[in-house]
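Here the protein sequences come in this chain order: A and B.
For the first sequence, our numbering begins at 69 and goes up steadily by one.
For the second sequence, our numbering begins at 1050 and goes up steadily by one.
Please read the structure below before turning to the comments.
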Amino acid sequence: MLSESFLNSKIMKICIGIQNINEIKALVQAGADEFFCGFTPKEWRDKFIPEVGLNRRESSFSCSKTRTNINIGTYAELKDVIKEIHKYSKKLYINFNAHYYTASALPLLHKILNNCVKYKVDGMTIADLALLIKLKEWKIKTKIILSGEFGIRNSQDLTFINNNFEISRVIFPRHITTKDMTALISAFPQYEYEAFAMNTRCPFDGANCFAFHAGKKVRIRLCANLLNSIKELSFKKNKSSAFIKKAFDNLEKYIDRETNRNPSVFKSANRYLKPPHCGLCELPTLKKARVDVIKICGREGQLLEEKILAVRLAKEIITNNHSTKKIQAIYSACYANNRREICKSKYLCYY
Amino acid sequence: MDLGIFPILDNEDYVEQKHILLPSIIDNATKDFSKSINLKFNRIYVGSEFCERLFPSPKKLLRILRGAEELNLKTSLVTPAMLTETGAKQFQYIFNKLRNKNRLEIIVNCWGMLELLRDYKNLEPVFGRSLNKIKRDPRWRGDSSALKQSSLSISSFTNLLKKYRVRKIELDNVPQGLIINSNGDELQYHLYFSKIPISFSKICVFGSTNIKGRKFSIDSPCQKECQDYSIIYRDEAGKTTEHIGRAVYMENKNLDKINLKRISRLIFSF
Chain A
69 MLSESFLNSK IMKICIGIQN INEIKALVQA GADEFFCGFT PKEWRDKFIP EVGLNRRESS
129 FSCSKTRTNI NIGTYAELKD VIKEIHKYSK KLYINFNAHY YTASALPLLH KILNNCVKYK
189 VDGMTIADLA LLIKLKEWKI KTKIILSGEF GIRNSQDLTF INNNFEISRV IFPRHITTKD
249 MTALISAFPQ YEYEAFAMNT RCPFDGANCF AFHAGKKVRI RLCANLLNSI KELSFKKNKS
309 SAFIKKAFDN LEKYIDRETN RNPSVFKSAN RYLKPPHCGL CELPTLKKAR VDVIKICGRE
369 GQLLEEKILA VRLAKEIITN NHSTKKIQAI YSACYANNRR EICKSKYLCY Y
Chain B
1050 MDLGIFPILD NEDYVEQKHI LLPSIIDNAT KDFSKSINLK FNRIYVGSEF CERLFPSPKK
1110 LLRILRGAEE LNLKTSLVTP AMLTETGAKQ FQYIFNKLRN KNRLEIIVNC WGMLELLRDY
1170 KNLEPVFGRS LNKIKRDPRW RGDSSALKQS SLSISSFTNL LKKYRVRKIE LDNVPQGLII
1230 NSNGDELQYH LYFSKIPISF SKICVFGSTN IKGRKFSIDS PCQKECQDYS IIYRDEAGKT
1290 TEHIGRAVYM ENKNLDKINL KRISRLIFSF
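See the structure below:
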């Protein structure tokens, strides 16, 4: 059993998504410890894109036969990225976290995974139960990380995984309370744990969002599509006018929040650096719960400048014992000209 | 073919007000089918697939089970996706109360539920539609065989399910159609129509905005606002999707792309 002082002394690591080799050096200097990326080689793009992605990093500009943007698109580039990251003694994990792969896709998937192992990738992030089974059958030796898109939420879920698979790390889903994270970590201390800390807090649950993120026929994410469409309320029973008014107010609040459009909240924001979704206030709680790694995601293809700032900010919070007030002040100084409206509104909070 | 009904909300009402409600629901469910499909209505689905708070209390549940029995209906209990740690413990408590019941189907929508059900031999796990991650998107137009299948096309996957006593698989009437593989098969397939889930969330569209203080938080307390109202989204073509609390549903009544010979049960979800 590890002592409490040992656990407290452990430094949380920062894992950030990258889209090309040019980002690595600056992010290492900012304080990143680990990297993750998507990889979609030409052979997969030719056969399956736009319908079936290798991962969930399928934003509208990443998903075509010719452009890969936030996914690394060639083996040559992948080799270079791995080499560069290892030069700094850091790790690279590749997301193969599509919700599912069909039987007809397995031979090509097997070949791609074998190549990744050959090029010495440090691990793979998996969301599909069938792929977990196949990794075992194919005897692929790599560190297996359970994606947040798998959706581990309770100790029965983890018992199921523990009884059937050998994994190293669990990434908690976006929509989970710190209380449930704490309970799971104390029930299964043998795993490493990773939690979302910044960027891209989706309105829907990753494991249970069955719509396309992007594609030839569906240009944008469904959540964005819905919020931009015509909306009306449907009442199942007769209600008072006060009730109806409140319901409409609530709908407005929801749309404001999910589209980040409330002008009173965002007028103080930094013009150049869009305030990101954020869970930094909860880092002290996550640290105490023994979360090993925090994730800064980059599915939307953030600018390098935004990523560097996010890593620096996270590093500052991890290494110092700041109060919530101080954390909010630091965040506001970076993104909101020292005004606290954004934190107060909770529009961008992860937890 | 067997027909079940799944009222996504208000399960209890449909059993308790049986004489008024059930005949009209069955009419509604069957009117779109040709007379060549012989549907035998014999089952009601009770519970919730997107929110553990909508699952009836043990007392209510026993009343519903009794009510269904009086109507000669079998019952399937729908358990939710995204089950919290507290929720998992509550289900353990409920299942203990059901230990002496005859065989009962449990529709499983999270992996941990399969594990939990190992201890209850009278409760039969059924692979719920949320565990089948096939794409469901109202915007999709096209014909791609890659999209008509999911992990269920992989025999090692179905073998693992069988290890957990799963013999029945529930599918959605997805707009792109389905290819149902045989995989050896002692598996039976059930098909939901016409409301199909697109996305679930832990942040309730109304529950999270209706409270002061911890606004927008995950698992925020609620007054079951989803029972009173929902949001209808209408696209440019007039097509609608419905946001009910923590879930968004689309509608697809067209069964032309499904080989109904492979289906042993239809479930009318509304």
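We treat Cβ as the ideally placed atom computed from N, Cα and C, and that holds for glycine.
Those residues of the region 1144 to 1178 of chain B placed with their C-beta closer than 9 Å to a C-beta in chain A are N1158, C1159, W1160, G1161, M1162, L1163, E1164 and L1165, ordered along the chain.
Contact annotation for B:P1246 against chain A: N276 and F278 [CB-CB distance below 9 Å, chain order]. For B:Q1237, the enclosing beta strand (DSSP E) stretches over residues Q1237 to F1249. Apart from the 5 residues on each side of it in sequence, B:Q1066 has no Cβ closer than 6 Å to any other Cβ in its chain.
Three or more beta-carbon pairs separated by less than 8 Å link the region 218 to 228 of chain A to the region 1134 to 1146 of chain B, which places the two stretches in contact. For B:R1314, the uninterrupted beta strand (DSSP E) segment begins and ends at I1312 to S1318. Within chain A, not a single residue places a beta-carbon under 8 Å from that of B:K1080; the smallest gap is close to 22 Å. Inclusion of A:M80 and A:I398 in the CB contact set at 8 Å is not warranted, their separation being larger than that value. Distances from the CA of A:F240 to each of A:F316, A:R358, A:E320 and A:K304 were compared; the closest alpha carbon is that of A:R358. Short of 8 Å from the beta carbon of B:R1102, and not among the five residues preceding or following it, lie these beta carbons of its own chain, in chain order: C1271 and K1273. By the beta-carbon neighbour count (other beta carbons within 10 angstroms, threshold 16), B:G1191 is exposed. For the pair A:G366 and B:D1062, the Cα-to-Cα distance works out to about 46 Å. For A:E217, the number of other beta carbons within 10 angstroms of its own is at least 16, and it is reported as buried. Taking CB atoms only, A:T193 has no neighbour in chain B less than 8 Å away. By the criterion of a C-beta distance shorter than 8 Å, B:W1189 is surrounded in its chain by L1196, P1224 and Q1225, once the five residues flanking it on both sides are discounted.
Contact between the region 1198 to 1214 of chain B and the region 190 to 202 of chain A is present: three or more C-beta pairs spanning the two stretches fall below 8 Å.
Among the residues of chain B, those whose CB is under 8 Å from the CB of A:F303 are D1277 and Y1278, following chain order. Against chain B, the CB of A:P271 has a partner CB under 8 Å away; the residue lies at that interface. Put simply, the backbone Cα of A:A382 is about 59 Å away from that of B:K1089.
Burial is judged here by how many other beta carbons sit within 10 angstroms of a residue's own beta carbon; A:N296 has fewer than 16 and is exposed. Straight-line measurement puts the Cα of A:E111 at about 19 Å from the Cα of A:M192. Under the Cβ criterion of 8 Å, B:K1184 is counted among the residues facing chain A. Taking A:K355 as reference, the option from A:Y161, A:E260, A:Q87 and A:D273 with the minimal CA-CA separation is A:E260.
Look at A:M249 here: in three-state DSSP terms it is helix. Judged by their CB atoms, B:N1308 and B:I1229 are nearer to each other than the 8 Å cut-off. Note on the region 140 to 190 of chain A: whole beta strand (DSSP E) runs with a minimum of 3 residues are 159 to 164, in chain order.
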